[in-house]
Every structure is written in C-alpha cells, then in structure tokens.
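Under the UniProt record's numbering, the sequence shown has 225 at position 225, and the numbering climbs by one with no breaks.
Just so it is clear, CB atoms sit at the ideal spot from N, CA and C, and this is done for glycine as well.
It should be emphasised that the depicted structure is a prediction, and the values quoted were computed from it without experimental measurement.
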Amino acid sequence: MNSRNVCHSLAVALRFGTTKLNRSGWNPSRRCNSISSMSGQLGGQLSYVQRMKMLQNLREKTGITEEVIRKGKCLVYYKGDPLLTENFSIAWMDFDDLQVEPKLFLENAMLLGMAERGEFQFAVQIVGFGKESKQAVLSKSQGSFTDFRLSLMMMPTYEASLASKAKAIFNWHRRNTHCAKCGSPSVRNSTASCRTCHKCEEVWYPTLSPVGIVLVADTTKSNLLLVRQGRHPKGMYSCIAGYVDSGETLEEGIRREVAEEVGLTVLSVDYKASQHWSFPTSNLMIGCHAIVNGNETLDVDTSELEDARWFSVEEVRRSLDSIKTNPLETMSAIKEGTDQFFVPPRGTLAHSLIDAWLSG
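1) What is the DSSP secondary structure of Leu225, counted as helix, strand or coil?
2) What span of residues does the alpha helix (DSSP H) with Asp307 cover, start to end?
3) For Glu60 and Gly80, what's the separation of their Cα atoms in angstroms?
4) Candidates Lys165, Phe145 and Lys199: which alpha carbon is nearest Tyr183's?
5) Just to confirm the assignment, what range does the alpha helix (DSSP H) spanning Ile90 have?
6) Is the beta carbon of Ala123 less than 9 Å from the beta carbon of Leu112?
7) Under 8 Å Cβ to Cβ from Gln41, same chain only, skipping five residues before and after it: list those, please.
8) Near Gly347, what residues of its chain come up, given a Cβ to Cβ distance below 8 Å and the 5 sequence neighbours on each side ignored?
9) Is Pro82 helix, strand or coil by DSSP?
10) If you drop the 5 nearest sequence neighbours on each side, which residues of the same chain put their C-beta closer than 6 Å to that of residue 365?
11) Exposed or buried, which one is Lys167 when buried takes at least 16 other CB atoms within 10 Å?
12) Do Ile291 and Val343 have their C-beta atoms within less than 9 Å of each other?
13) Taking DSSP's pairing of strands, which residues face Cys239 in a bridge?
14) Helix, strand or coil, according to DSSP, for Ile286 in the structure here?
15) Which term fits Leu298, buried or exposed, when burial requires 16 or more other beta carbons within 10 angstroms of its beta carbon?
16) Please look up how many angstroms separate the CB atoms of Gly242 and Glu257, rounded, as I've assumed it's under 8 Å.
17) How about Thr146 and Phe88: are their beta carbons less than 9 Å apart?
18) Between Pro206 and Ser193, is the Cβ-Cβ spacing less than 9 Å?
19) Quick check: what's the CA-CA separation for Leu320 versus Glu67?
20) Could you give the distance in angstroms between the alpha-carbon of Cys117 and the alpha-carbon of Gly63?
21) Just to confirm, is the Cβ distance from Leu250 to Cys288 under 9 Å?
22) For Asn223 and Val313, which I take to be in contact (beta-carbon distance under 8 Å), what is that distance rounded to the nearest angstrom?
23) Thinking C-beta only, is Phe120 closer than 9 Å to Gly72?
24) Helix, strand or coil: how does DSSP classify Leu155 here?
25) Ala356 and Lys272 look like a contact to me (Cβ under 8 Å); what is the Cβ gap, rounded to whole Å?
26) Considering only C-alpha positions, which residue in the set Tyr78, Arg51 and Gly337 is nearest to Lys131?
27) I'd like to check one pair, His173 with Arg195: are the Cβ atoms closer than 9 Å?
28) Met52: buried (16+ other C-beta within 10 angstroms of its C-beta) or exposed?
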C-alpha cells in the first residue's frame, strides 16, 4: 500500500463584493507598479519587510488587480481538501492553468502571502468554478486532493501554516455572511482579509481563539504525562490542551486545564512556541512545558479524556524516533487491545513540545 492510500485509510462559493473604508475590491485597470522595480533592485529577491509592506498595501489601499492575480501561485482546495504532491507538499498551480476569469477567481480566492521572489500566493476553492473544475485541475497538476487534517501532520511546517491559515479564513467567511452588529448582509474585500456591512459599514476581521497546550513532567523529569481523546487516531497520545478563558492569563488557563482534566497541581509553566491550528475553528495554540507535583494521584476527567498515562522518557523517545522515521507506517501499525502508542507526528505543536523536551 503506497503512502497516499495509507493516508486516506487513516483519515458554497464565497460571495465577492467591494467594500468601503478604502479596502478596494476588484479593479482590473489599477496597477501595482512596485513589484517588478523592487525585484530588479534586489536581484529578484525581496526582503521580509518589503513583502509585508506590499501585502499591507494590497489589503488596505489598492486591492487585488489583474496584474497581481497573473503573478500568483495558487494553493487549490476542493471541498476543503488541498491539492498536494505524493510527498505532501503543496502542488502550486499558476493562475493561467485554472482557466478561469480573474473576477470569478477572486470570488473564490484569498490572498495568502508573498514568496521571496515576488510571487503572490493565493488559496482558492474551485467548487465555485463548476462541475468539471476538479478533473480540469487534476489533469494539469502533479497532485491529488488529500484529507486536510492528516495533511497538516505530514506537510512541511511552512506550507502547513499556509494551508491552515487558508482553511480557517475560508471557514470564517462561510460562517459570517451577516453583520454581528445589525444583522444585515456583509461583503468581503478582494483579499478576503475582512468583511464590511452594507448597512452600518462596520468592518469585521477573522477571529482567533487562544488555546494553551502543555507537555507535563513530574518533578524528577523522568516521566511525561500524555493524554488520549476519543477523536484521536487509534493509539495516539498527545499533550493536554484547552481554551484560555476570558480574563485568564495563559499560565492560569494551563493550571486550570491540568487540574480539571487529570487532577494534578502545576508548579511551574514555561512558554516554548505557538502554532495556528484550524480545528475545530481558528485557534492560536500556545505551547508550554510544565512541572507538576508527581506525588498526586491521577484523577482523569473521562468526559474530556479517554485515557491519561505517565510514560517514561525513554518510552516517549522511542515513539518520537519512530514517528520521525516513518510516520505513516507507525500510525498504521498500532493494534487494538495492546499498550502500543505513538506521539503526534510532525506538523503539530505537540510533536514540537515533546521533541524540545527530549532535546533539552
């Protein structure tokens, strides 16, 4: 069974309109003159600051032009699944290969970013292009549409962040078609960075929810606590995670989640890293390491968790090495009714937290 088949075994078009507040919609005659001149000055490569300034200009002043679209590379989605290569990298497509008019493209697309050589990056949902769109794209690409959730665990880190961002913003627009202030219909701008109410002119931006995720160790630092939820793939144990409540600090949220879910007292919390995660909505995962009082007995909240267990550092290290070496084989080899387990694969913040602990 090849990797693509193993992957699968484990595993509305947006309405376009112009907006106010100087956030322009489609204007094919407007030009973005700085692209070629800046690329020429730098031998074809733009700095991070230059790229961010140009993207800001598109979002807040000029809007998307036909010139920008035709310079773009596209991350293509079909019914929420991204077009990826056999190696789980983005199968980027040129705008011209999509064979669609620029205005229809923008009705179903969003501006993702900009590559170092000045190529604009878009994400586009092709369902809105018609019934034959899927086969037309597949015939011109070297990829296939792949289950989104598992894709994030297999993709290169930078590309996974782009895919997660696109999924979250598409979902936000789909769920927020009306103004939360007056209830009137709202319209998106050309970059999909916001929506504006037709009636009261209120501007709305995609939301982000903070989530604390923590790898817990005992005071001897020889054991790590991992937990399992029913929705996890068979055999996977991960880190404790939960939303930070309104009015809480990150540290308070983590202490509360550990107390609620496993009945342990957190003695210290150290921030390590963060990651955007688009499940179940748009979340900012804030990763930490924590030390708990190891003399307390686990008191697992079975309404939240299927299981929680202490693992020795060596057990976790072996599992991490296995998931790094051959993730698909490791995930598919778990047998029911055994003590076999695996830690989350790359692409997840839990994987990074475990890796950082074992490397420290």
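With the given structure in hand:
1) strand
2) Counting along the chain, Asp307 falls outside any alpha helix (DSSP H), though it belongs to the beta strand (DSSP E) covering Asp307 to Ser312.
3) 27 Å
4) Reading off the sequence shown, one finds Gly at residue 183, where the question assumed Tyr. The option with the nearest alpha carbon to Gly183 is Lys199.
5) Note, Ile90: premise wrong, no alpha helix (DSSP H); not H, not E.
6) yes
7) With a pLDDT of only 46 at Gln41, under the threshold of 50, the placement of this residue in the model should not be trusted; the figure read from the coordinates follows. If we look at Gln41 and ignore the five residues flanking it on each side, it has no Cβ neighbours.
8) Leu152, Met153, Met154, Met155, Thr157 and Ala160
9) strand
10) Here the chain has residues from 1 to 360 only, and residue 365 is not among them.
11) buried
12) no
13) Answer is none; Cys239 lacks a bridge partner.
14) strand
15) exposed
16) 4 Å
17) yes
18) yes
19) 46 Å
20) Strictly speaking, residue 117 in this sequence is Arg, with Cys absent from that position. So the two alpha carbons sit approximately 20 Å from each other.
21) yes
22) 7 Å
23) yes
24) The sequence shown places Met at residue 155, rather than the Leu named in the question. The answer is coil: DSSP assigns Met155 none of H, G, I, E or B.
25) 6 Å
26) Tyr78
27) yes
28) exposed
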